[in-house]
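Visitor: Sending over a structure as structure tokens; questions will come in a sec.
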Amino acid sequence: MRSIVLLSVILVAAAAATTDEKSIQAEWDLFKSQYGKSYENPSEEYRRMRIFMNNLNTISEHNLKYQKGEVSFEVGINKFSDMLSEEVDDLYTGVNRVNRLKALNGEEVYIPELKGKQFVPTKVDVPDFVDWTHMGAVTAVRNQKTCGACYAFSALAALEGRLYLKSKWTPSEAKIQALSVQNIIDCSEDYGNNGCHGGLAMYTYDYILSNKGLNNETVYPYEGKDGKCRYKPEQSIVTMKDYVKVTPFDENELKLAVATGPVSASFNTNPDSFKMYKSGIYEDVECNANSLNHAMAVVGYGVDYKTNKQYWLVKNSWGTDWGMDGYIKMARNAGNMCGIATRPVFPNVN
């Protein structure tokens, strides 16, 4: 009898293992199909599948905590799920780390020598909720792909929005235009940027100010690689007066700035949880203000009505197949989550 029972246990375990293998294989096949993945050889595919399985396990463990209400955001499979975290950092970010400044907690963070005018709020009584996407002041989410030009996407998102908001109240019909990131990639090296290998929003604004203009996306479309400068001055559409710096680490001042329009900011996106983000309000103790490696645009803020948790609404440049259709909600007033308040700047178009 014991032998029969033992055999039954072994058979059940074997069946479960087989079911798990089939389930994982099905997940893998679906992932490859959904994201158009292909690999050089079977050995490389096996390596990528192992990474995928590890990430899948991490996702399952995290989402169990999410279901129990232990964490405030959900993670999921996306186009990065067959990649190591450091590979994503190398290929999909692009903020230069220069100079240093001491954070309020004494930790050292990278920050450039801040230039530009100091932001002086004209109003301190601002709305509890701001979402510039609903006001038409944010262009469609774009995909930087493997070109480290996040700094340009972020800087131009702020400029696009503020140009639109300026023109919105004029007699002429306002229409938001996507500005040329490729123009920045190809033409702003003399101002400190390094094309697809990183840069800063402030250097981008320096170029636009000195150049006295910028082409739009239609005139100078995105290629996602370094190229020769082909700026067309006769088709320039941008004017800027200067740019404005927000006091580092001051989330209340950042709120006042975002209430006037989109803002460019730098972030630490190193944690695995950030790459896997799917929905909810992102908050991870590992996402501190050190090692700022990515730039995104802060396009709103608010309070979640279910949890009463404060958040920032942030536009990424990783395409609509990441996060909440390309956006992430990040915890606000939670100790400068991911460094969001470390290096905010925005253009002055008034």
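Residue numbers (mature numbering (1 follows the signal peptide of the UniProt record, and there is no 0)): -17 to -1, 1 to 333. For glycine and all other residues, C-beta sits at the position ideal for the given N, C-alpha and C. Quick caveat, the model's predicted, so the values are computed rather than measured.
What number of angstroms, rounded off, separates the C-alpha of D73 from the C-alpha of F136?
Guide: Going by the C-alpha atoms only, they are around 17 Å apart.
Visitor: Go through the segment 140 to 179 residue by residue and report every complete run of the alpha helix (DSSP H) that reaches 4 residues or more, in order.
Guide: If we require 4 residues or more, the alpha helix (DSSP H) runs fully inside the segment 140 to 179 come out as 164 to 170.
Visitor: Tell me whether R213 is buried or exposed, calling it buried when 16 or more other Cβ atoms sit within 10 Å of its Cβ.
Guide: By the 10 Å Cβ count, R213 comes out exposed.
Visitor: By the DSSP assignment, the alpha helix (DSSP H) with residue 345 in it spans what residues?
Guide: Since the first residue of the chain shown is -17 and the last is 333, residue 345 is not available in this structure.
Visitor: Would you mind reading off the limits of the beta strand (DSSP E) that contains L296?
Guide: Start and end: Q293 to K298.
Visitor: Helix, strand or coil for Y188 per DSSP?
Guide: Reduced to three states, the DSSP call for Y188 is helix.
Visitor: Closer than 8 Å is the cut-off here; do at least three beta carbon pairs connect the segment 122 to 141 with the segment 257 to 264?
Guide: Taking 8 Å as the limit for Cβ pairs, the verdict is that the segment 257 to 264 does not touch the segment 122 to 141.
Visitor: Please state if the CB of Y288 and the CB of W295 are separated by a distance shorter than 9 Å.
Guide: Not in contact: W295 and Y288 (Cβ atoms no closer than 9 Å).
Visitor: Quick one: what's got a C-beta closer than 6 Å to D267's C-beta in the same chain, skipping five residues either side?
Guide: P254 and S256.
Visitor: DSSP state of H117, grouped into three classes?
Guide: Coil, per DSSP.
Visitor: Are G322 and N251 closer than 9 Å when you measure CB to CB?
Guide: Yes, the pair counts as a contact, with Cβ atoms nearer than the cut-off.
Visitor: Measure the CB-CB distance between I159 and L146 and report whether it falls below 9 Å.
Guide: Going by C-beta atoms, I159 is nearer than 9 Å to L146.
Visitor: Tell me whether T105 is buried or exposed, calling it buried when 16 or more other Cβ atoms sit within 10 Å of its Cβ.
Guide: Exposed, because fewer than 16 other Cβ atoms sit within 10 Å of the Cβ of T105.
Visitor: Starting from the Cα of V281, find the closest Cα among T290, M320, N273 and S274 and give me that residue.
Guide: If we check each option's Cα against that of V281, M320 comes out closest.
Visitor: Suppose the cutoff is 6 Å on Cβ atoms and the five residues either side in sequence are ignored; what does the same chain contact list for V246 look like?
Guide: Within the same chain, V246 has close Cβ partners A141, A240, V281, P327 and F329.
Visitor: Once the 5 residues before and after E28 are set aside, which same chain residues still bring their CB inside 6 Å of it?
Guide: If we look at E28 and ignore the five residues flanking it on each side, its Cβ neighbours are Y22.
Visitor: Roughly how many angstroms lie between the CA atoms of G99 and D189, to the nearest whole one?
Guide: Cα-Cα distance, rounded: 9 Å.
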